[in-house]
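Residue numbers (the UniProt record's numbering): 1 to 297.
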């Protein structure tokens, strides 16, 4: 059987059966059966402390599951309740730049599909190329530019029989980020005092280096507001699997747009921005998940 726990590049052994094995193992460790899943991005590794009745699993204990290797992504799966609502939270992601392929980078979403997740909340830290979006701001994603996918490294590549088992591989992406969920998130933000919630376009690069001045200028010219190294592939896989997706970015830094700038972007400082915003985001998510489960059928 295919082993997803080790980095690889361009493997075509993307089997449905190995994800089934992962999901079956996880189900055997908890009786919680959530409909809402959350993937915590950079700097939000403290979020699971908000969850009650926690059942925790280290990624390293889950058969075949890929393990993060970077700071800010501890690699922990947490089941429990938020405001009494059953959820599952994946704390930590794996990235292309760690040597994992697109299937491995999105396996958490496919596992969630087999766990019965209907609503997926994604988060990330992102650099801004938009002067109206400053460090510490929060931006809802209304759309994305999949720069990694445009060069042939999208999450739906692979043998047709395997990819097609998850849904239509030629999936329409004109409405990736669910408008109904965005409306609920905006309502929740107002109610918890999250001021000036932004909305914009996220562009995904492969990383791990930050952008050159020319690249940052190109990203802005392409119509993106922010840039990061994750999230987009997860969203595509979730839409293929029939989930409703909501995603937001914590603006962690300004991108360098001028050659005479002394701006220095630092990963540890980016994590600190996320930690600073975490308490407010936790309040927001509490209100948001309540609205999701209470919305009219």
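Cβ atoms here follow ideal geometry from the backbone N, Cα and C, with glycine treated the same way.
N- and C-terminal bounds of the alpha helix (DSSP H) containing residue i
| i | result |
| --- | --- |
| residue 160 | 160-163 |
| residue 16 | 16-27 |
| residue 139 | Residue 139 -> not in any alpha helix (DSSP H); beta strand (DSSP E) instead, spanning 138-146. |
| residue 91 | Not the alpha helix (DSSP H): residue 91 falls in the beta strand (DSSP E), residues 85-91. |
| residue 288 | 267-294 |
Residue j beta carbon less than 8 Å from that of residue i
| i | j | result |
| --- | --- | --- |
| residue 289 | residue 83 | yes |
| residue 139 | residue 225 | yes |
| residue 76 | residue 52 | no |
| residue 136 | residue 281 | no |
| residue 22 | residue 64 | yes |
| residue 246 | residue 178 | yes |
| residue 30 | residue 79 | yes |
| residue 157 | residue 102 | yes |
| residue 285 | residue 120 | no |
| residue 213 | residue 258 | yes |
| residue 197 | residue 187 | no |
| residue 95 | residue 230 | yes |
| residue 36 | residue 111 | no |
| residue 176 | residue 239 | yes |
| residue 241 | residue 109 | yes |
Three-state class that DSSP yields for residue i in the structure shown
| i | result |
| --- | --- |
| residue 131 | coil |
| residue 212 | coil |
| residue 198 | strand |
| residue 33 | coil |
| residue 156 | coil |
| residue 169 | coil |
| residue 112 | helix |
Alpha carbon of residue i to alpha carbon of residue j, nearest angstrom
| i | j | result |
| --- | --- | --- |
| residue 98 | residue 69 | 7 Å |
| residue 304 | residue 17 | Outside the displayed range of the chain (1 to 297) lies residue 304, so it cannot be described from this structure. |
| residue 223 | residue 150 | 15 Å |
| residue 124 | residue 274 | 9 Å |
| residue 172 | residue 235 | 12 Å |
| residue 227 | residue 126 | 5 Å |
| residue 203 | residue 86 | 31 Å |
| residue 192 | residue 184 | 13 Å |
| residue 105 | residue 170 | 20 Å |
| residue 301 | residue 166 | This structure gives no information on residue 301, because the portion of the chain shown stretches from 1 to 297. |
| residue 92 | residue 148 | 20 Å |
| residue 114 | residue 263 | 44 Å |
| residue 292 | residue 270 | 29 Å |
Range covered by the beta strand (DSSP E) that runs through residue i
| i | result |
| --- | --- |
| residue 234 | Counting along the chain, residue 234 falls outside any beta strand (DSSP E), though it belongs to the alpha helix (DSSP H) covering 232-240. |
| residue 47 | Counting along the chain, residue 47 falls outside any beta strand (DSSP E), and DSSP gives it neither H nor E. |
| residue 245 | 244-254 |
| residue 180 | It is not in any beta strand (DSSP E) - residue 180 instead sits in the alpha helix (DSSP H) that spans 179-192. |
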